[in-house]
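Peer 1:
Residue numbers (the UniProt record's numbering): 1 to 412.
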């Protein structure tokens with residue numbers, strides 16, 4: 001039973017010699033009277049204190065998920081790691097972590113509009129698609145926002161158009177030279193050089209705050225060595241045609257434990273993705289015209305791609321296969337045979353026909369160069385009218401005439 005202080009004072013005033021009611025109930029000794037010079041104790045209302053101070057007021061937040069997920073996006077500078085979030089909170093945070101630029105930023109980007117105008121891209125190619133081609137898969141793993149799907153289509157188109165152009169122009173080229181020519185036109189280093197000529201700039205780090213006109217990719221850490229696993233085996237041309245890529249090389253596998261891509265690969269992927277995007281949005285004629293203007297307009301010295309170990313033997317095998325007379329080396333002219341710097345001019349003849357001519361400081365060197373010139377004259381044959389198979393897909397195309405097909409290179 002609780003009694004206030006006023007009821008206790010009333011009992012004490014009415015019966016001064018009798019203990020108070022509260023003291024008699026609890027069997028406690030009587031309180032000593034305070035000295036007269038001490039200030040009397042103030043009356044405290046404990047019930048009011050216990051309701052307003054001691055017990056905290058509990059208030060339910062109106063939107064717990066949005067508040068907590070917003071606070072988790074704030075970067076805190078602290079030495080101690082933050083506690084892990086529950087699973088339902090982690091799933092909500094994925095909606096806010098967008099590594100690609102937003103659509104509003106794409107429409108306001110001056111760099112992106114300048115790139116679209118600088119490359120003379122058709123109006124049917126929207127800026128949103130152009131911005132997507134600038135996002136590498138290392139920057140945004142989502143296939144709906146990176147350029148990986150465009151790059152797969154673009155790489156096949158570039159390889160197809162380049163291969164048919166080279167084979168139709170030079171139908172007698174060896175397979176190794178064809179691979180080297182395709183690599184020189186649409187290899188990673190060639191495409192990276194093309195992207196630099198287009199004025200493509202790189203972002204320091206990928207993120208949603210980056211300008212959409214910059215190429216976004218995750219860079220390799222400094223001093224990272226990419227080690228290729230496995231042993232290099234000697235394989236024939238047939239095995240390389242079946243199992244290798246369009247350049248006659250084994251498909252590259254990502255190195256374990258390495259995050260990021262080289263700059264050359266990121267540039268090449270962007271060019272491939274742009275080619276695929278143009279093909280999807282604008283059609284085959286526009287994509288092929290873009291290929292001719294930016295890729296086939298580059299001059300490639302195909303004669304410098306040859307490498308012969310024993311040209312005289314290869315020339316002998318070639319003449320035997322084609323039914324020509326056996327090649328014979330003859331001196332056409334010479335000067336300074338007994339001097340320090342002699343010069344010999346040697347020609348390779350098959351009957352009365354001159355197959356090749358070469359000069360050198362010795363007869364052996366001149367004969368070697370003459371055999372190389374004869375082989376290049378055979379392999380670099382080009383028809384007067386070059387027509388590729390894809391030209392028949394046009395609406396006003398002429399009927400297809402079979403192109404020349406060579407028996408193949410010399411196998412010794």
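We put the beta carbon where it would ideally sit given N, CA and C, even for glycine.
Since this is a predicted model, take the numbers as computed values, not measurements.
Taking the C-alpha atoms as reference points, what is the distance between residue 92 and residue 99?
Peer 2: Low local confidence applies: a pLDDT of 48 at residue 92 is under 50, so the model's placement there is unreliable, with the coordinate-based value given in what follows. Rounded to the nearest angstrom, the two C-alpha atoms are 15 Å apart.
Peer 1: To which residues of the same chain is residue 333 closer than 7 Å at the C-beta, ignoring the five residues directly before and after it?
Peer 2: The residues are 345.
Peer 1: Give the straight-line distance between the Cα atoms of residue 207 and residue 139, rounded to the nearest whole angstrom.
Peer 2: Their Cα atoms are separated by approximately 8 Å.
Peer 1: Taking only the alpha-carbon atoms, compute the straight-line gap between residue 123 and residue 274 and give it to the nearest angstrom.
Peer 2: Cα-Cα distance, rounded: 14 Å.
Peer 1: Taking the C-alpha atoms as reference points, what is the distance between residue 304 and residue 270?
Peer 2: So the two alpha carbons sit approximately 29 Å from each other.
Peer 1: If you draw a straight line from the alpha carbon of residue 168 to that of residue 300, how long is it in whole angstroms?
Peer 2: The straight-line gap from Cα to Cα measures roughly 15 Å.
Peer 1: Does the Cβ of residue 384 have 16 or more other Cβ atoms within 10 Å, making it buried, or fewer, making it exposed?
Peer 2: So residue 384 ends up on the exposed side.
Peer 1: Measuring CA to CA, which of 170, 221, 106 and 197 is closest to residue 119?
Peer 2: Nearest C-alpha to residue 119: 197.
Peer 1: Less than 7 Å between C-beta atoms, sequence neighbours within five positions excluded: which residues of the same chain meet that for residue 397?
Peer 2: Excluding residues within five positions, the ones whose Cβ falls inside 7 Å are 391.
Peer 1: Would you report the Cα separation of residue 134 and residue 298, rounded to the nearest angstrom?
Peer 2: Straight-line Cα distance between these residues: approximately 24 Å.
Peer 1: Grab me the residues of residue 149's own chain with a C-beta within less than 7 Å of its C-beta, minus the 5 sequence neighbours each way, in chain order.
Peer 2: Once the five neighbours on either side are set aside, the close Cβ partners of residue 149 are 143.
Peer 1: Check whether the Cβ atoms of residue 220 and residue 201 lie closer than 7 Å to each other.
Peer 2: Cβ atoms of residue 220 and residue 201: not closer than 7 Å.
Peer 1: How is residue 158 classed by DSSP in three states: helix, strand or coil?
Peer 2: In this structure, residue 158 counts as helix in the three-state DSSP scheme.
Peer 1: Please classify residue 341 as buried or exposed, where buried requires at least 16 other C-beta atoms within 10 Å of its C-beta.
Peer 2: Per the 10 Å Cβ criterion, exposed.
Peer 1: Please classify residue 362: is it buried, with 16 or more other beta-carbons within 10 angstroms of its beta-carbon, or exposed?
Peer 2: Flag for residue 362 reads exposed.
Peer 1: Quick one: grab the DSSP three-state call for residue 2.
Peer 2: A caution first: residue 2 carries a pLDDT of 44, below 50, which makes its placement in the model unreliable, though a value can still be read off. DSSP places residue 2 in coil when its eight states are reduced to three.
Peer 1: What do you get for residue 292, buried or exposed, if any count of 16 or more other CB atoms within 10 angstroms of its CB means buried?
Peer 2: That one is exposed.
Peer 1: So within the segment 113-139, which uninterrupted alpha helix (DSSP H) runs reach at least 4 residues, ignoring any that extend past its ends?
Peer 2: Qualifying alpha helix (DSSP H) stretches, in chain order: 127-133.
Peer 1: The alpha helix (DSSP H) that contains residue 353, what's its start and end?
Peer 2: Per DSSP, residue 353 belongs to no alpha helix (DSSP H); it is in the beta strand (DSSP E), 353-360.
Peer 1: Is the Cβ-Cβ distance between residue 218 and residue 260 less than 7 Å?
Peer 2: Taking 7 Å as the Cβ cut-off, residue 218 and residue 260 qualify as a contacting pair.
Peer 1: Tell me the DSSP bridge mates of residue 261?
Peer 2: Paired residue(s): 219.
Peer 1: Go ahead and pull the three-state DSSP assignment for residue 332.
Peer 2: The answer is strand: DSSP assigns residue 332 an E or B state.
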